[in-house]
Amino acid sequence: MRQSKKVLSLLLILSLALSVLALPVLADLPPEPTPTAIFTATGYDTATLTYLEADMKFRINGGEWMNIAGPNHYLNGLSGDVGAIEIYKPGDGVTTTDSEAQTIKFSRFAAPVGLGSTNCTTPANNDGTLTGLTANWHEYKESGAADWTTATADTVTGLSPGTYYVRQPARNTVLASDNVSLPIFAFVDPLPLYNIIAGANGKWVSGAATGLSVTCDGPCDEFLSLYIDGNPAPIAIENYTVTDGSTIITLKPEYLQTLSAGVHTLRMAFLEGYAEATFTILSKANTTGRRNPQTGVESMGMTGFEMLSALSAAAVIFAGKRRKTDK
45 MRQSKKVLSL LLILSLALSV LALPVLADLP PEPTPTAIFT ATGYDTATLT
95 YLEADMKFRI NGGEWMNIAG PNHYLNGLSG DVGAIEIYKP GDGVTTTDSE
145 AQTIKFSRFA APVGLGSTNC TTPANNDGTL TGLTANWHEY KESGAADWTT
195 ATADTVTGLS PGTYYVRQPA RNTVLASDNV SLPIFAFVDP LPLYNIIAGA
245 NGKWVSGAAT GLSVTCDGPC DEFLSLYIDG NPAPIAIENY TVTDGSTIIT
295 LKPEYLQTLS AGVHTLRMAF LEGYAEATFT ILSKANTTGR RNPQTGVESM
345 GMTGFEMLSA LSAAAVIFAG KRRKTDK
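Start counting the sequence shown at 45; every next residue gets the next number (my numbering).
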């Protein structure tokens, strides 16, 4: 019995000794080589890791460690303007220990600035443009399209109506920028312009009893409203009359009296077009001729003094001629 206990004690001592001897050996195991993976940004939130080994592990922005399945690993859902990926190779615990972690930093391009667009200008709807791009640097696509197109010039031409996106594409360790949305609108036929056939550049003297008339060749039954001086609100119907033949607009003197002296614009709006004219309000102090207060029309009438002077001159001339005749 005593001999058995001695054997057990010796075996225990031997096991402890071997364990102690093994400790320096494990501590001296070499680490696995540090990975030399390459991060290549491929889109807004996607990238590819290459030059990997199947048993490597990685994590993003200090998150959970994840397994790598092969020499290439595809990343998606990357977020934020900056970030970092760590990669290491685990040791086998017998001949190697874990490698040092490789750290790869990534970022995101800023969205392009200074971009613009122009709308289509013909019924073909094929001459819209995107402007302000940088050739061979920015890329664009129409909303709903699968693929991006690299801009080959600062202005992209020949585009149809739609919403277009422009961005700075991904390069190296920099993710693609946010999209800049640019609309291109379809061509719209301009409204037809009717002609002013009477009353263009008319004048009205402040205080005249009659109004000011302007006639255009637009259809009277399609007349909608009247605008003065570009005001977005039409003037009230009680301030003018509309007469057929083609369309005769007469501004009432009560309304004209509210306008300042000077040149004004008048716009007649029709169902499918418009007509424009200018007219001038003259103050009484600015009139050089005489105006009939009932018509507002300039005349060349004389004052009483002017008429008396003219009659006196005529009388002198007549008397002179008569004396010559009497001789």
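Positions of the beta carbon are idealized from the N, C-alpha and C atoms, including for glycine.
Please state if the CB of residue j and the CB of residue i are separated by a distance shorter than 8 Å.
i	j	result
ILE112	GLY127	no
PHE267	VAL249	no
GLU183	ALA197	no
MET312	CYS264	no
ALA81	THR94	yes
PRO213	SER161	no
GLY135	LEU73	yes
Apart from the five residues on each side of it in sequence, which residues of its chain come closer than 6 Å, Cβ to Cβ, to residue i?
i	result
ASN372	The chain is shown from 45 up to 371; residue 372 falls before or after that span and cannot be answered.
ALA305	ILE325, SER327
LEU295	GLY255, LEU256, TYR284
SER269	PRO278, ALA313
GLU130	ARG103, ALA145, THR147
LYS149	ALA128
ASP288	CYS264
ILE281	none
GLU320	ARG311
Look at the alpha carbon of residue i and the alpha carbon of residue j, and state the distance between them as a whole number of angstroms.
i	j	result
GLY106	GLU76	21 Å
CYS164	THR173	8 Å
PRO68	LYS101	Bear in mind that the predicted position of PRO68 carries a pLDDT of just 45, short of 50, making it unreliable; the figure below should be weighed with that in mind. Each residue's Cα considered, the two are about 27 Å apart.
ASN245	LEU303	16 Å
GLU298	TYR271	16 Å
VAL200	GLY87	22 Å
GLY340	ILE240	Summary for GLY340: the model assigns pLDDT 44, below 50, so the residue's position carries little reliability; its value from the coordinates is reported in the next sentence. Whole-angstrom Cα-Cα distance: 21 Å.
GLY243	THR309	12 Å
VAL258	LEU300	13 Å
SER290	THR322	18 Å
GLY202	GLY274	34 Å
SER187	THR207	6 Å
VAL138	ASP99	16 Å
ILE217	THR166	Looking at the sequence provided, one finds Thr at residue 217 rather than Ile. Whole-angstrom Cα-Cα distance: 43 Å.
TYR209	LYS247	53 Å
VAL224	LEU177	11 Å
VAL307	ALA179	49 Å
ILE292	TRP181	59 Å
SER123	THR175	29 Å
ARG215	ASP233	44 Å
What would DSSP say about residue i, mapped onto helix, strand or coil?
i	result
TYR118	strand
LEU300	helix
LYS328	helix
GLU282	helix
CYS164	coil
GLU97	coil
GLU316	coil
ASP89	coil
ASN273	What sits at residue 273 in the sequence shown is Asp, not Asn. Coil.
GLU108	coil
GLU130	strand
ASP265	helix
HIS182	coil
GLN212	coil
TRP248	strand
VAL224	strand
VAL157	coil
LEU73	coil
VAL138	coil
ALA242	strand
LEU174	strand
SER372	Residue 372 cannot be examined here, being either before or after the span of the chain that is shown, 45 to 371.
ASP288	strand
VAL232	coil
For residue i, which residues of its own chain have a beta-carbon under 8 Å away from its beta-carbon, when the five flanking residues on both sides are left out?
i	result
GLU97	PRO79, ILE112, PRO115, LYS133
PRO337	Here PRO337 scores only 41 on pLDDT, less than 50, and its place in the model is too uncertain to base an answer on.
THR92	PHE83, THR84, THR86, ASN116, HIS117, TYR118, LEU119
TRP192	GLU183, TYR184, LYS185, ARG211, PRO213
ASP125	SER151, ARG152
TRP109	LYS101, PHE102, ARG103
THR141	LEU73, PRO74, PRO75, GLU76, GLY135
Quick one: what's got a C-beta closer than 7 Å to residue i's C-beta in the same chain, skipping five residues either side?
i	result
GLY121	ASP89
SER143	PRO75, GLU76, PRO77, THR78, PRO79, TYR132, LYS133
ALA154	SER221
GLY317	LEU235, PRO236, LEU237, TYR238, GLY262
LEU315	GLU266, LEU268
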